[in-house]
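Mapped onto the numbering used here, the consecutive letters of the sequence shown carry residue numbers 34 to 152.
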Amino acid sequence: MPKPDELLVDVATLVESGHSNQMSLTVVTGGAVITGRLAPEAVWRQRVSEVLTDSARLGEFSAVFTAAARREGPPDYLHFHMARILQGTVGIPETGGMYRVAIADVSAWTMGDFTYSEH
């Protein structure tokens with residue numbers, strides 16, 4: 034397993050401690066480019082749980098995301114919300130999605146989110 038980028042871990046730690054969801058980040062992981070805003074894991078889990086609760090077919094899965102997940106030490110994952118996977122000139126999904134990305138799997142990153150063109 035590759036050693037995670039310490040600077041990226043520091044950014045994730047600050048997001049977790051500040052409970053802010055305003056940090057925009059773009060990462061490359063597994064050949065995909067994901068761009069969006071980071072959220073603390075607890076906030077991300079709560080939002081995923083809410084979305085699942087509102088689903089007629091997936092409501093039973095919401096409880097998985099309500100359990101406390103914080104462990105000691107630096108974060109191992111980035112929790113994106115309002116994020117898109119960039120594919121050519123398109124961002125998928127258009128409305129933004131919620132992604133959990135292992136920091137150890139990030140091969141490149143930059144501050145800020147990229148915009149995409151629908152033309």
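Positions of the beta carbon are idealized from the N, C-alpha and C atoms, including for glycine.
Computed from a predicted model, the values in this text were never measured in an experiment.
{"Check": "Within the segment 51-101, note down every full alpha helix (DSSP H) run reaching 4 residues or more, in order along the chain.", "Outcome": "74-86"}
{"Check": "Closest to N54 by CA distance: which of D138, R80, I136, G92 is it?", "Outcome": "R80"}
{"Check": "Flag this pair as yes or no: are the beta carbons of D138 and T59 separated by less than 8 Å?", "Outcome": "no"}
{"Check": "Quick check on V76 - is its C-beta less than 8 Å from some C-beta in chain B?", "Outcome": "Here chain B cannot be found, since the structure has a single protein chain."}
{"Check": "Throw me the rounded Cβ distance for the G129 and M115 pair, which I believe falls under 8 Å.", "Outcome": "4 Å"}
{"Check": "Are the segment 59-68 and the segment 92-103 touching by the rule of at least three beta carbon pairs closer than 8 Å?", "Outcome": "no"}
{"Check": "What separation, rounded to the nearest whole angstrom, lies between the Cα atoms of M131 and V42?", "Outcome": "19 Å"}
{"Check": "Starting from T116, follow the beta strand (DSSP E) in both directions and report where the run begins and ends.", "Outcome": "Before going on, a small fix: residue 116 reads as Ala here, not Thr. Here the beta strand (DSSP E) through A116 covers 110-120."}
{"Check": "By Cβ distance below 6 Å, which residues in the same chain neighbour V66 in space, the five residues on each side in sequence not counted?", "Outcome": "L119"}
{"Check": "Measuring alpha carbon to alpha carbon, tell me which residue in G64, L71, S50, L47 is nearest M56.", "Outcome": "L71"}
{"Check": "On the CB-based measure, 16 or more other CB atoms within 10 Å of its CB, does I136 come out buried or exposed?", "Outcome": "buried"}
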